[in-house]
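Numbering (our numbering), first residue to last: 568 to 865.
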Amino acid sequence: MRISNLSRLFLAIPATLAAPQQPDFSNTTTLPTHFGLLVFPHFQALDVFGPMDVLNTLSMLYSNTTMYLSIISKTLDPVSTAMMGMHGSVDFGESIMPTITFHKYLARSRKDGEDDNQEDNNKCEDGAGGYVVAKNKCPSHGHGSMANTTTGKNLGDIEVLIVPGGGGTRQNMTEEIAFVKELYPKLKYIISVCTGATILARAGILDGHKATTNKRSWAWATSTGLNVTWVPTARWVEDGNMFTSSGISAGIDVMYAWVSRVYGDEVAQYLSLSAEYDRETDSHYDLYGKIWDVPGAT
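Below, the structure written as structure tokens:
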């Protein structure tokens, strides 16, 4: 029977020990500041909100680090978790508001940081993706969409891209795949959750690398990357600057693993304790390959 990581921790702590103290980090000049979240219709909610809550907590608890978020999609229309499903139309779901489109971000990136033209600024259509633009006529999007009173602030290139999975990955992903393919060479890190790995695979960036994906969807997902070394028994896989996770809830563990690598394991552990979450620290601990009869799973 598996003993949880928290159980091991508590067994080693004297009863009189004080509550955990927040660890420090001082290497803020080397840390990424601009995060990107790719979204599409019928994304899996936990694929997005699990990892994002880890980053939200990091930003909240560590005021000495600067973090910006761009939410990127085909259009600026709300993107919902709901979509036509196996049993007909599904209206139950949650929506997220993009801050910039694939086209607009890539156009801005190709211009090497030049400001968008006046017509686009007047339309306010970019929210704060890539640039934070404040206009009196623009609606306020709040902290979540990064709109503030800083005019023309260049956030620089996205350094960390998060790619969720979900039923939408089985639809036409042409624009998403092209975006990832063009953006990847400029990234410091890319993190996929669940079948989000299929977008990376179809973009060709996983070729010659190890990766994992959702175990229930293993046969289909792995067929999208014939030159990828798919790992059947893994909660997540780290290969260079690429992090890929198993299905859905594994996105939380892969994000803590990424935090551990970039900010230090003490920081990752403190964040998980603050969230009252028993994080998995062994990337090879995976029950679901065998549960879903994945070939080669142990």
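Where a beta carbon is used, it is the ideal one built from N, C-alpha and C, also for glycine.
Member of the options whose CA lies at the smallest distance from the CA of residue i
i              : options                        : result
lysine 857     : Trp785, Gly617, Asp620         : Trp785
alanine 586    : Ala864, Leu840, Ser850         : Leu840
serine 637     : Leu613, Met650, Asn721         : Asn721
proline 645    : Ser813, Thr666, Val795         : Thr666
leucine 625    : Lys755, Asp591, Asp860         : Asp591
arginine 802   : Asn808, Ser813, Thr796, Gly660 : Ser813
alanine 649    : Arg677, Val621, Gln611, Ala674 : Gln611
leucine 750    : Phe669, Ser647, Asp845         : Phe669
serine 630     : Arg828, Thr595, Leu643         : Thr595
glutamate 847  : Ser759, Trp825, Thr632         : Trp825
arginine 783   : Gly732, Met822, Ser647         : Gly732
proline 599    : Thr789, Arg828, Asp845, Glu843 : Arg828
serine 662     : Ser647, Met809, Gly775         : Ser647
arginine 675   : His776, Thr765, Ile725         : Ile725
tryptophan 787 : His776, Lys671, Gln738         : Gln738
glycine 775    : Arg677, Ala745, Met809, Ser759 : Met809
serine 759     : Thr741, Val804, Met740         : Val804
arginine 677   : Val657, Asp658, Leu622, Pro752 : Pro752
Nearest-angstrom Cα separation, counted from residue j out to residue i
i              : j             : result
threonine 791  : arginine 769  : 6 Å
asparagine 689 : valine 727    : With a pLDDT of 40 at asparagine 689, under the threshold of 50, the predicted position of this residue should be treated as unreliable, and no value is reported.
aspartate 853  : leucine 605   : 26 Å
leucine 628    : proline 862   : 42 Å
aspartate 832  : glutamate 743 : 32 Å
glycine 660    : leucine 613   : 12 Å
threonine 933  : leucine 754   : Outside the displayed span of the chain (568 to 865) sits residue 933, for which this structure offers no information.
threonine 811  : leucine 793   : 16 Å
aspartate 845  : threonine 736 : 29 Å
threonine 633  : leucine 622   : 11 Å
alanine 842    : tyrosine 830  : 17 Å
lysine 671     : alanine 745   : 14 Å
leucine 673    : threonine 789 : 28 Å
aspartate 658  : serine 593    : 46 Å
tryptophan 797 : aspartate 849 : 18 Å
Beta carbon of residue i nearer than 8 Å to that of residue j
i                 : j             : result
phenylalanine 616 : serine 640    : no
glycine 734       : histidine 609 : yes
isoleucine 757    : valine 795    : no
leucine 767       : valine 747    : yes
aspartate 820     : alanine 778   : no
glycine 723       : cysteine 761  : no
tyrosine 837      : glutamine 589 : yes
alanine 764       : threonine 780 : yes
Cut-off 6 Å between Cβ atoms - residues of its own chain near residue i, not counting five sequence neighbours on either side
i                 : result
phenylalanine 602 : Leu636, Val727
proline 799       : Gly856, Val861, Gly863, Ala864
histidine 835     : Note that residue 835 is alanine in the sequence shown here, rather than histidine. Excluding positions up to five away in sequence, the list reads Tyr823, Val826, Ser827.
aspartate 620     : none
Residues of its chain near residue i, where Cβ-Cβ distance is below 8 Å and the 5 sequence neighbours each way are ignored
i             : result
serine 816    : Leu613, Gly617
threonine 642 : Pro665, Thr668
Own chain residues within Cβ distance below 7 Å of residue i, not counting five before or after
i              : result
histidine 851  : Thr800, Ala801
tryptophan 859 : Lys782, Arg783, Trp785
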